[in-house]
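Asker:
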Amino acid sequence: MIDLTKNINALIKEKGETQDFIASKLGIKQGTLSQKIGQNDKIKYKTLLDISNILGIRVIDIITYPDVYAPVKQSCESCKQFRLEVKHLSEYIEILKENKSGKAT
Numbered sequence: 000m001i002d003l004t005k006n007i008n009a010l011i012k013e014k015g016e017t018q019d020f021i022a023s024k025l026g027i028k029q030g031t032l033s034q035k036i037g038q039n040d041k042i043k044y045k046t047l048l049d050i051s052n053i054l055g056i057r058v059i060d061i062i063t064y065p066d067v068y069a070p071v072k073q074s075c076e077s078c079k080q081f082r083l084e085v086k087h088l089s090e091y092i093e094i095l096k097e098n099k100s101g102k103a104t
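Sequential numbering of the sequence shown, starting at 0, is according to numbering that gives the first Met the number 0.
#1: Which word fits residue 6, buried or exposed, when buried means at least 16 other C-beta atoms lie within 10 angstroms of its C-beta?
#2: Return the CA-CA distance between residue 63 and residue 18, expressed in angstroms with no decimal places.
#3: Quick one: give me the first and last residue of the alpha helix (DSSP H) that residue 34 is part of.
#4: Do three or more CB pairs link the segment 20-29 to the segment 44-54 at distances below 8 Å?
#5: Please state the DSSP three-state secondary structure of residue 78.
The structure is reproduced here in structure tokens:
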């Protein structure tokens, strides 16, 4: 059986945060958060989603912790550079289009 309460608390600690911090981000008291995640079989998906967003992780990774369900692929440096060049080129093309349309009017 998956222990979501244990997983959430371990991830909060792993990320260097506290339940108090998570609760403040959610706009609730720490005790309320503790109650929400303390009932392992009744944790709502929205609670998991909110916590995952605050911690910068995916809900599935809370569920499968300590395993990662599907590793996030890392980009190689040349791929990052290529995407950056394409982005700049696309921006430049848009500028040229704007200038061309401005001259035609």
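Even for Gly, the Cβ is constructed at its ideal location relative to N, Cα and C.
Quantities reported herein were computed from a predicted structural model and do not represent experimental measurements.
Answerer: With the given structure in hand:
#1: Your numbering for residue 6 matches position 7 in the sequence shown. Per the 10 Å Cβ criterion, buried.
#2: Along the sequence shown, read from residue 1 onward, the residue named residue 63 stands at position 64. Along the sequence shown, read from residue 1 onward, the residue named residue 18 stands at position 19. Whole-angstrom Cα-Cα distance: 20 Å.
#3: Within the sequence shown, the letter at position 35 stands for residue 34. Unbroken alpha helix (DSSP H) run through residue 34: 29-37.
#4: A contact exists between the segment 20-29 and the segment 44-54.
#5: Counted from its first residue, the sequence shown places residue 78 at position 79. Looking at residue 78 - three-state DSSP - the assignment turns out to be helix.
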